[in-house]
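Working notes for the structure below.
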Amino acid sequence: MPRVERVPPEVTAPTARVLEQAHGRLAEALATARRIGLERGELVTLIEELLARQGGRHDN
Amino acid sequence: MERLPIRLSDATGVPYYRQIVDQMATLIRSGQLAPGTQLPSVRDLATHLLVSLITVRRAYQDLENARLIVLRQGFGTYVSDRVEKATREQALAEARTLLGEAIAHARRLGLGVGTIRALLDELLDGEGGDDAKG
Chain A
1 MPRVERVPPE
11 VTAPTARVLE
21 QAHGRLAEAL
31 ATARRIGLER
41 GELVTLIEEL
51 LARQGGRHDN
Chain B
61 MERLPIRLSD
71 ATGVPYYRQI
81 VDQMATLIRS
91 GQLAPGTQLP
101 SVRDLATHLL
111 VSLITVRRAY
121 QDLENARLIV
131 LRQGFGTYVS
141 DRVEKATREQ
151 ALAEARTLLG
161 EAIAHARRLG
171 LGVGTIRALL
181 DELLDGEGGD
191 DAKG
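Written out as structure tokens, the structure is:
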């Protein structure tokens with residue numbers, strides 16, 4: 001009998017919440033960085049630098 | 061006196077006094093609150109933000125310790141005259157800390173680097189793609 005893999009709802013449900021949480025915090029950080037005077041180019045460079053430090057896995 | 065654009069949130073888990081300190085420091089360093097500007101009294105700000113006098117007093121104390129504001133006995137509380145708009149280095153350092161914490165937070169939530177990059181790209185694109193400040 002073929003095995004049917006099912007994704008339990010508790011695995012998929014938090015994803016949207018998690019994304020929303022992360023999105024909110026990142027948006028807040030970006031908005032503050034803009035308010036204290038950083039320009040888009042500086043933000044892009046900074047983001048690249050910070051993400052490069054995370055290294056390792058490149059996605060979930 | 062104009063009301064300060066400070067918003068407190070229960071969702072972050074950050075104590076109210078700390079939220080007040082962070083937001084006022086940003087307003088001062090960004091020049092939105094100019095040197096010499098008179099700030100609301102402890103009582104007025106507490107009433108406006110619906111927090112205790114102790115919370116605002118502690119926030120003002122921290123801001124005074126950071127030399128961002130001065131308490132003039134009998135006259136009120138003012139943005140320090142010695143505060144200059146944040147230098148590029150200070151702004152970069154502050155942004156690095158803020159963004160670093162937000163990215164670390166996203167990683168702790170289980171998001172991968174690619175997903176975080178996509179979220180940040182989306183947010184940057186949502187700004188309109190130019191260098192307009194605001």
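Residue numbers (the numbering used here), protein chains in the order written: chain A, 1 to 60; chain B, 61 to 194.
Positions of the beta carbon are idealized from the N, C-alpha and C atoms, including for glycine.
Alpha carbon to alpha carbon, how far is residue j from residue i? Give it in angstroms, no decimals.
i	j	result
E138/B	V130/B	The question names Glu, but residue 138/B is Tyr in the sequence shown. Roughly 5 Å separates the two Cα atoms.
Y120/B	E154/B	20 Å
D70/B	G186/B	26 Å
F135/B	S101/B	10 Å
R53/A	Q133/B	48 Å
L26/A	D141/B	32 Å
G195/B	L109/B	Nothing in the structure corresponds to residue 195/B, since chain B is present only between 61 and 194.
So residue i packs on residue j, CB below 8 Å; how close in whole Å?
i	j	result
A106/B	T115/B	7 Å
A16/A	A162/B	The pair is not a contact, with the Cβ atoms about 18 Å apart (cut-off 8 Å).
Taking the Cβ atom as the reference point for each residue, do residue i and residue j lie within a distance shorter than 8 Å?
i	j	result
V18/A	L169/B	yes
E42/A	L152/B	yes
V81/B	L123/B	yes
L99/B	H23/A	no
T32/A	L158/B	yes
R177/B	L51/A	yes
Would you list, in chain order, the members of the region 118-142 of chain B that have their beta-carbon closer than 9 Å to a beta-carbon of chain A? Look at the region 118-142 of chain B: it has no residue with a C-beta under 9 Å from a C-beta of chain A.
Can at least three beta-carbon pairs, one atom from the region 46-53 of chain A and one from the region 91-107 of chain B, be found at a separation below 8 Å? Contact between the region 46-53 of chain A and the region 91-107 of chain B is not established, with fewer than three Cβ pairs separated by less than 8 Å.
Can you pull out the residues from the region 152-166 of chain B whose beta carbon lies closer than 8 Å to at least one beta carbon of chain A? When CB distances to chain A are screened at a threshold of 8 Å, the residues of the region 152-166 of chain B falling below it are L152, E154, A155, R156, L158, L159, G160, E161, A162, I163, H165 and A166, in chain order.
Listed in chain order, which residues of the region 14-36 of chain A have Cβ atoms closer than 8 Å to some Cβ of chain B? Residues are counted here when their Cβ sits less than 8 Å from a Cβ of chain B; for the region 14-36 of chain A these are V18, L19, Q21, A22, H23, R25, L26, A27, E28, A29, L30, T32, A33, R34, R35 and I36, given in chain order.
Select from the region 81-108 of chain B all residues with a C-beta closer than 8 Å to any C-beta belonging to chain A, and list them in chain order. Cβ contacts with chain A: T86, R89, S90 and Q92.
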